[in-house]
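Chains as they are written, first to last, in our numbering: chain A, 2 to 115; chain B, 5 to 114.
Below you can see the structure in the form of structure tokens.
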């Protein structure tokens with residue numbers, strides 16, 4: 002079974018802090034994604050990566066950056082956390098199969114910015 | 005880009021009844037349509053998927069139908085059980101990006 006592990010289940014940070022969310026997958030997947038989940042809005046794509054050191058902006062990249070130095074690890078960085086970034090963050094991975102391979106999700110990190 | 009709409013936002017059924025959740029998409033390039041179930045405190049889990057060259061797929065009590073012409077697809081759960089209670093998301097994928105509906109909270113009453 003694919004396992005996607007997010008390092009923290011809950012995080013509480015202060016406004017202006019730099020925040021790192023870490024994600025590791027164990028199935029040698031090429032693609033990795035960061036989504037944000039808010040009630041009534043579904044899952045919105047922040048960034049994704051289709052290879053090591055490669056990244057592409059999703060639909061809501063403002064205020065975020067990412068890092069993928071190794072194939073199994075994809076980090077989401079909030080450069081200066083703000084209260085409107087309080088949310089559930091979901092990491093996912095998939096095989097590179099021209100979009101016909103499902104996403105496998107971690108259990109999420111609930112971030113609160115005060 | 006792709007826009008996925010999902011209805012209803014909440015659905016309450018009696019145990020043993022059927023549940024239907026509907027989604028529409030806008031991008032004709034979308035060719036892969038997974039459905040996810042999210043239980044409290046967990047990430048979404050894939051329950052069934054369908055590709056654009058198939059009109060219907062069934063897996064035990066769960067089925068999905070796809071109408072490419074009308075750009076809509078539906079999830080059907082028969083003989084619902086209390087453990088089916090969760091939030092369900094549809095998604096559409098053109099190539100390797102996924103676009104999600106806003107979710108349906110299904111409540112199965114015993």
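Backbone N, C-alpha and C fix where the C-beta goes; we use that ideal spot for every residue, glycine too.
message: Check this for me: beta carbons of residue 9 of chain B and residue 34 of chain B, under 8 Å apart or not?
response: Their beta carbons are not under 8 Å apart, which means residue 9 of chain B does not touch residue 34 of chain B by this criterion.
message: Taking 7 Å as the cut-off, is the beta-carbon of residue 15 of chain B closer than that to any non-hydrogen atom of the ligand NAP?
response: Among the components modelled here there is no ligand, and therefore nothing to report on the ligand NAP.
task: Please list the residues of the stretch 80–105 of chain B that have a C-beta atom closer than 7 Å to any C-beta atom in chain A, keeping them in chain order.
output: Residues of the stretch 80–105 of chain B that bring their beta carbon within less than 7 Å of a beta carbon in chain A comprise 93, 97, 98, 99, 100, 101, 102, 104, 105, in sequence order.
query: How many angstroms separate the CA atom of residue 11 of chain B from the CA atom of residue 107 of chain B?
result: Going from the Cα of residue 11 of chain B to the Cα of residue 107 of chain B covers about 8 Å.
message: Mapping the DSSP letters down to three states, classify residue 64 of chain B as helix, strand or coil.
response: Of the three classes helix, strand and coil, the one that applies to residue 64 of chain B here is coil, per DSSP.
task: Can you have a look at residue 38 of chain A and say buried or exposed, based on whether 16 or more other CB atoms are within 10 angstroms of its CB?
output: The residue in question, residue 38 of chain A, is buried, as its Cβ has 16 or more Cβ neighbours within 10 Å.
Chain A residues whose Cβ lies nearer than 9 Å to that of residue 29 of chain B: The premise fails here: residue 29 of chain B is roughly 13 Å from chain A at the closest Cβ pair, so nothing lies under 9 Å.
query: Counting contacts by CB-CB distance shorter than 8 Å, is residue 50 of chain B in contact with chain A?
result: Yes, residue 50 of chain B lies at the interface with chain A (some Cβ there is under 8 Å from its Cβ).
- prompt: Once you ignore the five residues that flank residue 60 of chain A on each side, which residues in its own chain have a CB closer than 6 Å to its CB?
  reply: Scanning its chain for C-beta atoms nearer than 6 Å, with the 5 sequence neighbours on each side dropped, one finds around residue 60 of chain A the residues 45, 46, in chain order.
message: Just to confirm my understanding: we take residue 17 of chain B, look at its own chain, exclude 5 residues before and 5 after, and list those with CB closer than 8 Å. What are they?
response: The residues are 23, 84, 110, 111, 112, 113.
Whole-number beta carbon distance between residue 48 of chain A and residue 58 of chain A, since they are thought to touch under 8 Å: With a Cβ gap of about 6 Å, residue 58 of chain A and residue 48 of chain A count as contacting.
- prompt: Among the residues of its own chain, which have a CB less than 6 Å from the CB of residue 60 of chain B, if the five just before and after it don't count?
  reply: 69.
Cβ-based neighbour list, residue 71 of chain B, same chain, cut-off 8 Å, excluding 5 preceding and 5 following: Residues of the same chain with a CB within less than 8 Å of the CB of residue 71 of chain B, apart from the 5 flanking positions on each side, are 59, 77 in chain order.
query: If we ignore side chains and look at the alpha-carbon of each, how far apart do residue 80 of chain B and residue 103 of chain B end up?
result: Those two C-alpha atoms are separated by around 20 Å.
field: 7 Å Cβ cut-off: residues of chain E touching residue 75 of chain B
entry: Absent here is chain E; the protein component of the structure consists of chains A and B.
field: beta strand (DSSP E) segment containing residue 77 of chain A, residue limits
entry: Taken as a continuous stretch (DSSP letters only), the beta strand (DSSP E) holding residue 77 of chain A covers 74–79.
For residue 70 of chain A, three-class secondary structure by DSSP: Strand at residue 70 of chain A.
- prompt: Comparing alpha-carbon positions, which option in B:62, B:73, B:86, B:74 lies nearest residue 39 of chain B?
  reply: Distance check between residue 39 of chain B and each of B:62, B:73, B:86, B:74 places B:62 closest, using alpha-carbon atoms only.
Span of the beta strand (DSSP E), counted from its first residue to its last, around residue 32 of chain A: Element bounds for residue 32 of chain A: 32–39.
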